[in-house]
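Line by line, the protein sequences are chains G and V. Start counting the first sequence at 3; every next residue gets the next number (the numbering used here). Start counting the second sequence at 39; every next residue gets the next number (the numbering used here). Ideal Cβ placement from N, Cα and C applies to all residues, glycine included. Read the structure below first, then the notes.
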Amino acid sequence: MNLSEIKVLFIVVTAVAALLVASPVLSRILVYPRTEFFSEMWLLGPNHKAEGYPYNVTQGQNYTVYLGIGNQLGYCAYYVVQVKFRNETQPLPTSFGPVENRTPSNMPPLLNISTFVADEQNWELPISFSFDYEANLNRSQVWFKSLTMNNETLDLESYITTWNETRSLFFGNLVFELWIYNTQAASLSYHGRFVDLKLNMTTY
Amino acid sequence: MKLKVSVLALHLCLFLMLFSLFPFCLAVDEGQARSAMVQADQTIKDCYLAVAAADKAGGNVTDLLSTLQYVGMLLSKANLAFGKGDYDSAYNLAVQSKAKLEGFVADANFVKEEAEQSADIDFMINVVGSSVGTVAILVGSLAVWFGLKRIYGKKGAHGFK
């Protein structure tokens with residue numbers, strides 16, 4: 003074996019050895035940095051799929067959905083889900099445009115669900131709910147009494163929905179707004195995301 | 039008759055003493071419940087900040103987060119009870135939440151310190167060790183190469199240019 007052959011072999015062996023030893027530091031330098039930081043929120047139907055969502059709701063009947071949150075913010079987050087109920091004349095939260103310009107619904111929360119989710123982790127909660135309401139067909143209205151959610155009875159006494167002739171339904175909207183604890187402001191703020199269930203409160 | 043009156047008076051005194059000795063048996067008012075809930079809420083926020091710091095340092099915060107989840111659920115129930123005017127339950131749940139978080143910040147700080155120490159060791163091995171090792175291999179290889187070249191040059195080895 004002449005020296006030029008030894009030289010090639012020597013360079014290859016040195017390069018391989020150097021790369022092996024340098025791999026821990028290279029793995030830190032060459033990792034593509036995360037550039038998008040966001041939260042996800044979803045609602046799945048009773049079969050844990052994006053289908054079969056409750057729509058035609060009967061008084062006293064129990065329904066199940068799955069509420070989920072995914073944290074891709076790069077830190078462990080403190081979320082609060084505010085459960086709200088509205089009819090079609092009351093305002094929905096917004097979820098488009100810059101996050102700081104999005105606004106929550108001005109309806110009072112019926113229930114606050116706190117959760118803490120580590121970075122790149124998901125959290126999911128099965129939610130079973132039923133409505134107690136009464137139809138006043140003379141006035142074409144549905145008067146709500148309560149919403150039972152995961153065995154907690156929530157007061158809906160002042161809630162009313164009126165018959166919508168165009169859509170032929172008594173519209174009810176169950177809204178789940180995502181709020182997040184802002185460490186700088188030391189307060190909870192609307193995170194610009196919500197999921198909702200549009201419901202037809204049947205009277206039969 | 040006098041005996042009956044004195045027995046009645048004695049009973050009255052005993053009842054009064056009983057109530058003065060155990061004031062905590064009395065129902066909780068709205069202000070007390072609200073104050074307990076505000077305190078519990080602040081405690082949760084402080085604990086969350088401690089967990090966030092531990093998480094940022096690279097610590098395993100799974101157990102800490104599940105404790106916070108549980109306490110968050112208790113506080114949600116306390117809020118509900120408060121909304122329904124059940125101040126006793128709201129107060130008790132808020133006190134339970136706060137009690138569950140006793141020593142929590144210290145635990146979170148411990149996890150953070152452990153994570154920082156392990157990050158230091160990790161840095162020493164994986165960054166400093168790896169960098170120094172790579173430089174050593176390159177320098178060592180060069181030294182060996184020049185050594186080999188010198189030996190081959192002195193021997194006038196076959197194929198040497």
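Under DSSP, the beta strand (DSSP E) around residue i begins and ends at which residues?
| i | result |
| --- | --- |
| Ala78 (chain V) | Careful: Ala78 (chain V) lies outside any beta strand (DSSP E), inside the alpha helix (DSSP H) at 68-94. |
| Met1 (chain G) | Look at the range of chain G in this structure, 3 to 206, and you will see that residue 1 (chain G) is not part of it. |
| Thr150 (chain G) | 143-151 |
| Leu199 (chain G) | 189-203 |
| Ile163 (chain V) | Note, Ile163 (chain V): premise wrong, no beta strand (DSSP E); not H, not E. |
For residue i versus residue j, is the C-beta spacing smaller than 9 Å?
| i | j | result |
| --- | --- | --- |
| Ala71 (chain V) | Asp126 (chain V) | yes |
| Leu131 (chain V) | Ala119 (chain V) | yes |
| Lys86 (chain G) | Leu112 (chain G) | yes |
| Ser97 (chain G) | Gly174 (chain G) | no |
| Val27 (chain G) | Ser114 (chain V) | no |
| Ala128 (chain V) | Ala146 (chain V) | no |
| Phe142 (chain V) | Ala74 (chain V) | no |
| Val182 (chain V) | Ala92 (chain V) | no |
| Leu103 (chain V) | Val119 (chain G) | yes |
| Phe131 (chain G) | Thr150 (chain G) | yes |
| Met43 (chain G) | Val197 (chain G) | yes |
| Tyr80 (chain G) | Tyr108 (chain V) | no |
Tell me whether residue i sits in a helix, a strand or coil according to DSSP, three-state version.
| i | result |
| --- | --- |
| Lys42 (chain V) | helix |
| Leu113 (chain G) | strand |
| Arg208 (chain V) | No information on residue 208 (chain V) is available, as it lies outside the stretch 39 to 199 that chain V covers here. |
| Ser132 (chain G) | strand |
| Asp124 (chain V) | coil |
| Lys260 (chain G) | No answer is possible for residue 260 (chain G): the residues shown for chain G start at 3 and end at 206. |
| Asp121 (chain G) | coil |
| Phe60 (chain V) | In this prediction, Phe60 (chain V) scores a pLDDT of 49, lower than 50, which makes its location untrustworthy; the coordinate-derived value is nonetheless stated afterwards. Coil, per DSSP. |
| Ala65 (chain V) | coil |
| Thr91 (chain G) | coil |
| Gly99 (chain G) | coil |
| Gln186 (chain G) | coil |
| Leu139 (chain V) | coil |
For residue i, count neighbouring C-beta atoms within 10 Å of its own C-beta (all shown protein chains included) and say buried if the count is 16 or more, exposed if not.
| i | result |
| --- | --- |
| His49 (chain V) | exposed |
| Gln84 (chain G) | buried |
| Phe133 (chain G) | buried |
| Glu179 (chain G) | buried |
| Asp101 (chain V) | exposed |
| Met162 (chain V) | exposed |
| Asn140 (chain G) | exposed |
| Asn89 (chain G) | buried |
Cα separation between residue i and residue j?
| i | j | result |
| --- | --- | --- |
| Gln134 (chain V) | Leu112 (chain V) | 8 Å |
| Phe60 (chain V) | Ala95 (chain V) | Residue placement at Phe60 (chain V) is flagged as unreliable, the pLDDT there being 49, under the threshold of 50; a coordinate-derived value is accordingly withheld. |
| Glu152 (chain V) | Glu140 (chain V) | 20 Å |
| Val99 (chain V) | Ala174 (chain V) | 38 Å |
| Glu122 (chain G) | Cys78 (chain G) | 9 Å |
| Glu159 (chain G) | Lys42 (chain V) | 53 Å |
| Gly167 (chain V) | Arg104 (chain G) | 49 Å |
| Ser189 (chain G) | Gly47 (chain G) | 32 Å |
| Ala137 (chain V) | Ile115 (chain G) | 20 Å |
| Leu73 (chain G) | Asn124 (chain G) | The displayed chain sequence assigns Asn, not Leu, to residue 73 (chain G). Looking at the two C-alpha atoms, the distance is approximately 6 Å. |
| Glu102 (chain G) | Val67 (chain G) | 29 Å |
| Leu94 (chain G) | Pro35 (chain G) | 36 Å |
| Lys9 (chain G) | Val177 (chain V) | 15 Å |
| Ala137 (chain G) | Trp145 (chain G) | 6 Å |
Can you give me the start and stop residues for the alpha helix (DSSP H) that residue i sits inside?
| i | result |
| --- | --- |
| Glu151 (chain V) | 142-160 |
| Arg30 (chain G) | 5-31 |
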